[in-house]
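Read through the structure below, which is laid out as structure tokens, and then see the notes.
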Amino acid sequence: MKRWRWVPRSFMRTKEWKKIRGMATLREKKEGKRYWLYGCVLSIAVLPALASEEQFRSIKAVLSLGRILKEIAHEQDERKESISMEERVASILASMAHEQTFRQTLVAHGGLDLLLKTLPNATDYLLQNRILEAIASVASTNGAQVAFLDLDATSHLLFHLPDAHLPLFDRLKIDVALKRLLNEPHPFSIPTDLNGTCERLIKTMEMMNATLDERQFILIAFDALFQSLEAQNHNSLDTALSIVLANDSFLERLRQLTQKHSPLQTFAANLLVTLYRLAGLRSIALNDISSWHQHFCQWAYMENVPTLQLASAQAFHVIAKQMPNIIVHSKSAQDALLQLARSTFKPTSSTLDIQMHVCSIVSTLGESLSNGLNTTLSTPMSSVFEYLDLPFADAEELDATPLYGWVDVLTQWTFHGTSAVRRNAIDSLTRLALQKDSAASQKVLQSWMLSLLREMFSSRKTNAEELRAVREVETLAQMSYDTAPGYVKVSYNPSVMEAGMAAMAILAEKHAPDFIWKGGVDLLSLVAITSSSHIKSQCARVLANIAAYPYSSTELDRNVQDILIYETEGGPLFFDEITHWSDEPNASIRSNYFRAATNLSTAHFNQGPIYREGIHPIAPKTINSDSNKPTVDVVFVHGLRGHPFGTWRSDMTLKDMENSPIWPEALLAPDLSNESRLVTLGYEAGMVTWSSPWPSLTLPERAKMMLASLEAAQIGRKDGPPVIFITHSMGGLLVKELLVLAKGSSLVERTAGVVFMAVPHFGANLSSKVNAQAIRTLIQAHPATKDLSANAPHLLALHKAYQALDIPSLSFGEGKAAPLALGVKAMVVLPESANPGGPHNQFHLLSDTDHMDICKPKTRRDPRYALLHEFLIECLHNKPK
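Residue numbers (my numbering): -7 to 873.
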């Protein structure tokens, strides 16, 4: 007993002492080593706590650690039974700081957890340090970081570390362990002493000696803790929030951290956003809420710290959901939002989350975002030119930088490679386009259209003519190639919208999947329900073209009709209009509606005709009740300077090519059955190469395209009705090319006859006898007119091949000179060229008609119609069904 005389008698009477002494009841007689063991255990771990009221808790913790050591030793007994218990325990303790195997085993048996739980009860400074040293010795051991997930225990560790006199390397090992923990997806456990944990973390954050890694851990741990409390709907969430939000010095410290560049900057911002969001959800009032908003705005301008801009975007997203009026009535908040949008104008992977939040905010607020819709210019040179009288306008715009507005930013994001960003941008633009201010709405739609048009052409390998089309629309809008579509000085112009949607129709026909992907259907549906009938007609034309596209399964997994009706804002209303095409009085507009409705139906049911670009159905407003009328497909083909509808109007004095009544509908349709179809082919027919933006093709090239379009429309199919072609001028040459090209096909077999109206079978009079050299030069520049000289070899070869087809024809020749241009009149096609000859041809010279009005009968008694109708009936009578 003498060797234990340094142990107080009061302690020797406790159960704990008996447990410690029991460890010495070994059979071996090596008293010196056993004495050292207990001296070490008691002097290092037990005695410093004896003077404290918490001695028993400390001793119990040490005893628990002793049991762990005993378990470890017991595992070694199986291999080393000959070695005494005392020697084994002594060996374990001696190797604690050196042996990796020991540290791993200690961690595996919960030793680190026990050390962390012992630390709060150790009031003696030396004991605290020894425990901290022990924690440091195992902190870097694999798996040790899991013990730090107990925030209650870890908060005590963090609270003691700043004032501890640990070797620098030991402190570093603990910090590294904390940092490793942050990189793993382990959730923090909710502390049992939540209030105490929060208070300790806050105090540690404000300690001067706390390291950067420890502060970072605290910020992230707080953020994770609050999110865990929220996810579990924990009833202590309000308590924890109140503790943190009531500590003004802590909140101010967080705000200061966001203002200077450091590794803590983003984490402090994220915690502030979490606190703000949860305070709003739990209806906890914030002190000086305006200062919160001020900092959110400041973060938006820190372009060199994208993560801080993301925190700003997250904060404004919270405000937009919880208190949108704060943004609506705050110019600084709207300016900050716009700054976030401008900073991420060009979509990249690093800006994805910011764009997502900003798009959602704009979609939520809609037309309430009254500021910054249009793009302006930053003009640094304006101060230089302010007092100078310069000879050219807009001199102050030299070296100007665009300050993009909402419309340009959002339209740019509709081209984003990430579907979520793109969809949110489209939804945001939709909200802006549906605002009550019609002028602002129109400007949004025009800017969107111009951006999409420019993007579609720039992102594809387009030809020169298509690029020229974009430039022509931009010129009409008074834009240069580098002008932003949403620039404040680009005014809304209905002509720009109509021309732009017409150009979009051609482009969509070729690149429909890309058009749909980038929000084209959303755009056209909105334009359609907010624009005039002529612009709406071009929207129907675009819709018909994208419905006619031959999609593969990888390009589109649903049909266009479903996209229009179920996925766009204005789609259902527009779909209702086009399906009621017969209500439209204008034949051209009605044709586009009918064409769109038919193509959508064919695509939906996967059967029926497809009307491609250039095939215009003439859809009569009224239904013919007489079932005895003949059934036929009649195809009208206009000539040079012609128009698919204007060429066939009844009155030359009516200059409106699209809105004038047309005789195929007024005269011919009532004479045919309801099953008959009348279509008019449209194509680039300007006499000057630059009169149209679309490709100027030769006759064979154009005929090949027209033949494919007729086949898609199921005109001339083997089991279909007879076909009659009615042509004017160069349109007759196109039909001859087309039929020769289709030799041996069902189209030639089903063609019952062709009507030629002033068709230059053997060449036109324009190439050689027009007096005005300027007119002749322009005409001869067009590819389609290169073979129109008298008796051109190509025309002679074409005529011979066509005559071999043995198709009946009716030919009209003009009898007087037609006004051309610059006061010049001339016979365009001489009678000898208009008469193709042959046994199946009927030729009539109409002395009172010129080249322009020969195709425009006014009444049924008009010889131009009477002869045509008689020929048609005769052809159908002779053609077997």
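Every residue gets a Cβ at the ideal spot worked out from N, C-alpha and C, and that includes glycine.
Item: Distance between beta carbons of V624 and L664, contact taken as under 8 Å; Value: 6 Å
Item: Boundaries (first-last residue) of the beta strand (DSSP E) holding G634; Value: That residue, G634, is in no beta strand (DSSP E); it is neither H nor E in DSSP.
Item: Straight-line Cα distance separating V671 from P636; Value: 9 Å
Item: Exposure of E295, with buried meaning 16 or more beta-carbon neighbours within 10 Å; Value: exposed
Item: Separation of Y484 from A431, as counted between CA atoms; Value: 8 Å
Item: F218 beta carbon less than 9 Å from that of L229; Value: yes
Item: Span separating the alpha-carbon of M722 from that of V821; Value: 10 Å
Item: Buried/exposed call for V399, threshold 16 Cβ in 10 Å; Value: buried
Item: Of the listed residues L459, A494, I527 and L468, nearest to Q434 (C-alpha basis); Value: I527
Item: Other residues of its chain near E657: CB distance less than 7 Å, five sequence neighbours each side excluded; Value: A579, I610 and P612
Item: Between the CA atoms of G102 and M77 - distance to the nearest angstrom; Value: In this prediction, M77 scores a pLDDT of 41, lower than 50, which makes its location untrustworthy; no coordinate-derived value is stated.
Item: Where the alpha helix (DSSP H) containing A500 begins and where it ends; Value: P486 to K502
Item: Where Y541 falls: helix, strand or coil (DSSP); Value: coil
Item: Identity of the residues DSSP links to E806 by a beta bridge; Value: L838
Item: Close beta carbons around T851, own chain, < 8 Å, minus the five adjacent residues each side; Value: L659 and Y857
Item: Extent of the continuous beta strand (DSSP E) to which F717 belongs; Value: V715 to H720
Item: Buried/exposed call for S342, threshold 16 Cβ in 10 Å; Value: exposed
Item: Test item: CB-CB of V747 and L673 under 9 Å; Value: no
Item: Alpha helix (DSSP H) segment containing L158, residue limits; Value: Per DSSP, L158 belongs to no alpha helix (DSSP H) and is neither H nor E.
Item: Start-end ranges of the alpha helix (DSSP H) lying completely within the segment 250 to 281, minimum 4 residues; Value: 257 to 273
Item: Residue burial classification, M819 (beta-carbon count within 10 angstroms, cutoff 16); Value: buried
Item: V354 beta carbon less than 9 Å from that of L424; Value: yes
Item: Environment of S439 [buried if 16+ CB atoms lie within 10 Å]; Value: buried
Item: L270 beta carbon less than 9 Å from that of E222; Value: yes
Item: Same chain, Cβ closer than 6 Å to L150, five either side skipped, listed in chain order; Value: T196 and E206
Item: Assumed close pair R694, S738 - CB separation to whole angstroms, cut-off 8 Å; Value: Contact flag wrong, Cβ pair sits at about 21 Å.
Item: Nearest residue (CA-CA) to A539, options R247, A500 and P831; Value: A500
Item: For M749, the first and last residue of its enclosing beta strand (DSSP E); Value: T743 to M749
Item: Where Q215 falls, given that 16 or more other Cβ within 10 Å makes a residue buried; Value: Here residue 215 turns out to be Asp, not Gln, going by the sequence shown. Buried.
Item: Secondary structure of T343, DSSP reduced to three states; Value: helix
Item: CB of V265 within 9 Å of CB of A292, strictly; Value: no
Item: For L812, three-class secondary structure by DSSP; Value: coil
Item: Spatial distance of M489 from R245 (CA atoms); Value: 54 Å
Item: Neighbourhood of I615 by C-beta, 7 Å cutoff - its chain only, sequence neighbours within 5 removed; Value: N666
Item: Where the beta strand (DSSP E) containing H608 begins and where it ends; Value: I607 to P609
Item: Contact check, V629 vs H503, beta carbons under 9 Å; Value: no
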